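The block underneath contains the structure these notes are about, expressed in structure tokens.
Number of protein chains: 6
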Amino acid sequence: MGYSKNLGAGLFAMLLLAPAVLASDPDPLQDFCVADLNGKAVSVNGHPCKPLLEAGVDFLFSSKLAKAGNTSTPNGSAVTELDVAEWPGTNTLGVSMNRVDFAPGGTNPPHIHPRGTEIGMVMKGELLVAGETFLIPRGLMHFQFNVGKTDAYMVVSFNSQNPGIVFVPLTLFGSNPPIPTPVLTKALRVEAGVVELLKSKFAGGS
Amino acid sequence: MGYSKNLGAGLFAMLLLAPAVLASDPDPLQDFCVADLNGKAVSVNGHPCKPLLEAGVDFLFSSKLAKAGNTSTPNGSAVTELDVAEWPGTNTLGVSMNRVDFAPGGTNPPHIHPRGTEIGMVMKGELLVAGETFLIPRGLMHFQFNVGKTDAYMVVSFNSQNPGIVFVPLTLFGSNPPIPTPVLTKALRVEAGVVELLKSKFAGGS
Amino acid sequence: MGYSKNLGAGLFAMLLLAPAVLASDPDPLQDFCVADLNGKAVSVNGHPCKPLLEAGVDFLFSSKLAKAGNTSTPNGSAVTELDVAEWPGTNTLGVSMNRVDFAPGGTNPPHIHPRGTEIGMVMKGELLVAGETFLIPRGLMHFQFNVGKTDAYMVVSFNSQNPGIVFVPLTLFGSNPPIPTPVLTKALRVEAGVVELLKSKFAGGS
Amino acid sequence: MGYSKNLGAGLFAMLLLAPAVLASDPDPLQDFCVADLNGKAVSVNGHPCKPLLEAGVDFLFSSKLAKAGNTSTPNGSAVTELDVAEWPGTNTLGVSMNRVDFAPGGTNPPHIHPRGTEIGMVMKGELLVAGETFLIPRGLMHFQFNVGKTDAYMVVSFNSQNPGIVFVPLTLFGSNPPIPTPVLTKALRVEAGVVELLKSKFAGGS
Amino acid sequence: MGYSKNLGAGLFAMLLLAPAVLASDPDPLQDFCVADLNGKAVSVNGHPCKPLLEAGVDFLFSSKLAKAGNTSTPNGSAVTELDVAEWPGTNTLGVSMNRVDFAPGGTNPPHIHPRGTEIGMVMKGELLVAGETFLIPRGLMHFQFNVGKTDAYMVVSFNSQNPGIVFVPLTLFGSNPPIPTPVLTKALRVEAGVVELLKSKFAGGS
Amino acid sequence: MGYSKNLGAGLFAMLLLAPAVLASDPDPLQDFCVADLNGKAVSVNGHPCKPLLEAGVDFLFSSKLAKAGNTSTPNGSAVTELDVAEWPGTNTLGVSMNRVDFAPGGTNPPHIHPRGTEIGMVMKGELLVAGETFLIPRGLMHFQFNVGKTDAYMVVSFNSQNPGIVFVPLTLFGSNPPIPTPVLTKALRVEAGVVELLKSKFAGGS
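So, in structure tokens, the structure goes:
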């Protein structure tokens, strides 16, 4: 059944783009379990723990969100992530944090955080929801848009060590193997040409 | 801040289309808590329980999946849901079931079940993944496509009483108020005309 | 269907004796964690994860439920399981699926699934609850009985990767070392001879 | 204590037949939610909360386990339960406690606690597992037997406010409507007469 | 037993000071369940839901953290909380947020958040952990101290809608009825005079 | 930032004294996962599992609580713990048990069990709450005091395999590096001399 294998590969590819949405983190069974991100460590649900004495004291701190990201991107925005891959100390603690910087007119395109509910605060500038704290329930498709004339940034937190991010357009049009065009023409209610145009924008899957 | 109120309304509208993705169901604290779907009942997380003696014995059974749905739809498919709204007995039990029928060439367009992982089996016909059982992790964007010459149907189960369904194209292009066109042109990397075309297909939000 | 109503009432009665057991698997912390069932792997709660690149794409699919099991058994039934031991891809996903085939008069003897709530559908034939979908809360003692003249089968799903199965008569009478006969005579309110007769049927513990 | 080792092996053997059921109550969202057991209160998952000022201070205490139960019963044992129905203060706290008294030769017949793992300590006398603390995973079929010449009692705790209890013989033979005799003859591998004898002992369902 | 009643009252008083530590929030079973904080609503675990149409769109937003709190306090700090009591939209979403302002030399005294792990970022000034993001696991006793010459503030988030706060000195010395002095002299290894001095500072329980 | 490193060390030290409070234990995915406490085993959330055949049958039993602890201590009390470190069989089962013995006038000083709700029973003597069972929600600061003229003991259980214990005075005054005196003078509303006196009692951190 090469066909279903292809689909398998397709799902597989989508999964790399679209982490599965999988609920709230399990509770820890010790004070700390600092992630051992070493590829040679056995892989378990989440990450195994580094010996605490090797973890040092910095696992409780990070400075990665102190400086702005580079917003010279197609979207005019930059996401700086502090999930468990960036901050091993969050392993088993069920929290993480991101900083998102925006150039004027910049946008964080429609996306979903499949494993975490987001609570955030705009720290500078005028975003939609500017000057307010906001809630984005896990899995809600959402976006941000800098409607001001200056740079802006926000800091958001999640109730997961690994909330994940699914960029919706990339998943729809950039999966490899692709979602079959007949499926997308029916789904988008347009002709094949429009679907092919959209797919061409995401050729290479990024 | 009328603008952010508008966005509020926009998020609100999307939420009606896109149930938030919210983790695995909590555990029950009694044998059964048959949902009282009566609007006058107090609303709690999930549903309050009907008095068991009023619940009758049928709450353990349903026949709604016994007959095929009507596939004369734009997508050539029909989803028959047995979630808590259709089967009150599932309240607090953390499971539900759907039947999906497909005409030849029919598709179940790209969608996400935000609150449940799906495990399914193709019962008749030749779908992608035809003749096999399959897994769709919660929140994974997926679709089905009847690649055979005959009608087909599958039965799928979820590990949630209310897995929800987010139809991705409808959420992107049919939200009301809409996702601003400048956001979508950046996100889709196309000109405003293409975005407006796509939006026109989902005018009315359905 | 007075008969299934009776069963409904029967389940209802049993439920008053047997509060359902209702739990759920812990949530995953990554997209997939395909079970490494290799005995040499470290053992953890559940299973460690295979490197995703070694997992292949088939971990999302299985064909094991496509064909009927052999019902030439003492019970006239055959259970084909697709739990994590049979389908490594279910590891951390909190779902699994079984197919049960029945010869005419065949029965699936009283049993309990201790780690999963069951939702099922009769696909062929006339079982008790024939032609309907049904719910069996985790830990409820239940059985199936083919009351029709033809073969029958059902497909059931669970909200656990490893729901387990406790065959009640085997546990009562076939444990080794045995439950002491004085305990069983008191418990069953019969003479030792009846207990010894029952034990003799399960000598060898299977 | 070869005997208790044997029982250990026995439990071990049973466990291979009977995977433990292991869950936990949902977490509370306030300090206390003292159960309002008044039938007129709305029914929810668990129990609604009494206004704290009406709950008094005694909800934190109980004296019900201070005195022995009456062991003049068919089984020569008496279970005194302190679950949420007896101790409203346990509502949402995920714990409860039982005291079980035994006359010489008394037994607590094979049973399952479907919603709670049991941890217990023999306080007086010589039970199987006498003089030791013991663990009974949720859903494991187990029993106790007073093998000493004096009264005995134990105190057990559960990680649930409502662990429930399933008396296995009563469920097998005393359900109403009954499990059909043809099902039990197949399941027990005996003739209908033996099944009818056993059912006759539990006529009236208690 | 007036004495234990007194203790009951004592525990009761401490509970008002010291919300019990109770694990991660249960998962929601709908998109939103905006807290109905109206005293006349039935009380359940967490809060019942307002009808969504009465909730308005603002439940997704708050401006309460936009302005600094008044740090003219004994501790030279001010905590502005956005938990479910302040932001009903967080009900069932498992997140909340605080802003803490500090005068130079100001401190947030040793405390515990019993129901939530804290992840925070110093936004202005030089606190211990200044300029860094930091993690405070649920239940860890911690404090903050403004070691700079200017005002400072931080924004912290929690993985609970109601993390609670236990001010340790107030609970030790300000409970009513008090923790008996003989207990505190043993516990603190000092003479009764020192204990009485400390208690005198918290007379009135605040 | 040596200063924040110091604080890091301080938090680190406190954590060794004060296990973080981290919610209810996750659910197991097998019958037993007897803790392999061997330092060479990979470390995961909780403990990896010993091969069941190497676990022996004793993992279900313990006799450690059968004899009284030695109450010749500064507090006149002795805690005998049976958590996962003492009883590997509790790994993944979500329960544990302690025995606490008291000399006349003995006290178990103010403390918190950060990971488990406690349910207990006074077995001998006259403690506050003497002769009663009692509930201590996770994270509630509490103490016991032998108000009788004889030895006393109680047995308590927890809904966690590793409830942890935070002795409050030791954490406040014995952390290393210490909580800065200016923080404690503000927090306790006393002069530095009193703080230094209290710290001197816990020099050496025990």
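Chains as they are written, first to last, in full-length UniProt numbering: chain A, 1 to 206; chain B, 1 to 206; chain C, 1 to 206; chain D, 1 to 206; chain E, 1 to 206; chain F, 1 to 206.
For each residue, glycine too, the CB sits at the ideal point set by N, CA and C.
The structure displayed is predicted, hence computed values, not measured ones.
Alpha helix (DSSP H) segment containing residue i, residue limits
i	result
Lys186/D	181 to 188
Thr171/C	168 to 173
Glu54/D	52 to 55
Glu196/E	192 to 201
CB contact below 9 Å: residue i versus chain D
i	result
Val183/E	no
Lys186/F	no
Phe158/F	yes
Thr73/B	no
Asn45/E	yes
Residue i at chain E interface by Cβ criterion, 9 Å
i	result
Val190/F	yes
Ser175/B	no
Asn162/D	no
Thr92/D	yes
Pro178/F	no
Gly89/A	yes
Chain B contact for residue i (CB, 9 Å cutoff)
i	result
Thr171/E	no
Val168/D	no
Leu82/A	no
Residue j beta carbon less than 9 Å from that of residue i
i	j	result
Val95/C	Ser160/C	yes
Pro109/A	Pro169/A	yes
Val183/A	Thr107/B	yes
Val84/C	Gly116/C	no
Phe99/F	Val129/F	Note on identity: in this sequence residue 99/F is Arg, with Phe being the wrong assignment. Against a cut-off of 9 Å, the Cβ pair of Val129/F and Arg99/F comes out as no contact.
Val155/C	Val155/B	yes
Gln144/A	Ser77/A	yes
Asn70/B	Pro104/B	no
Leu188/E	Lys201/F	yes
Ile119/C	Ser157/C	yes
Arg138/B	Pro114/A	yes
Proximity test, Cβ basis, 9 Å: residue i and chain C
i	result
Lys50/B	no
Gly148/D	no
Val21/F	With a pLDDT of only 25 at Val21/F, under 50, the local geometry of the prediction cannot be trusted, and no value is derived from it.
Met97/B	yes
DSSP bridge partner residues for residue i (one or two, in chain order)
i	result
Gln144/B	Asn108/B
Thr133/E	Ser62/A, Met121/E
Ala78/E	Asp101/E
Leu127/F	Asn146/F
Ser96/F	Phe158/F
Ala68/A	None, per the DSSP bridge assignment.
Ala85/D	Looking at the DSSP assignment, Ala85/D forms no beta bridge with any residue, so it has no partner.
Chain F contact for residue i (CB, 9 Å cutoff)
i	result
Leu37/D	no
Lys201/A	no
Glu196/D	no
The beta strand (DSSP E) enclosing residue i, as first and last residue numbers
i	result
Val156/B	152 to 158
Residue i at chain A interface by Cβ criterion, 9 Å
i	result
Val42/F	yes
Leu65/E	yes
Gly76/E	no
Check: residue i C-beta below 8 Å from any heavy atom of the ligand GTP
i	result
Glu191/E	Inclusion of the ligand GTP in the displayed structure is not the case, the ligand content being empty and no account of it being possible.
is_contact[residue i, chain H] using C-beta, thresh 9 Å
i	result
Gly174/E	Here chain H cannot be found, since the structure's protein chains are A, B, C, D, E and F.
Residues of the region 101 to 133 of chain E with a CB closer than 9 Å to any CB of chain B: list them in chain order, please.
-> Answer in chain order: no residues at all.
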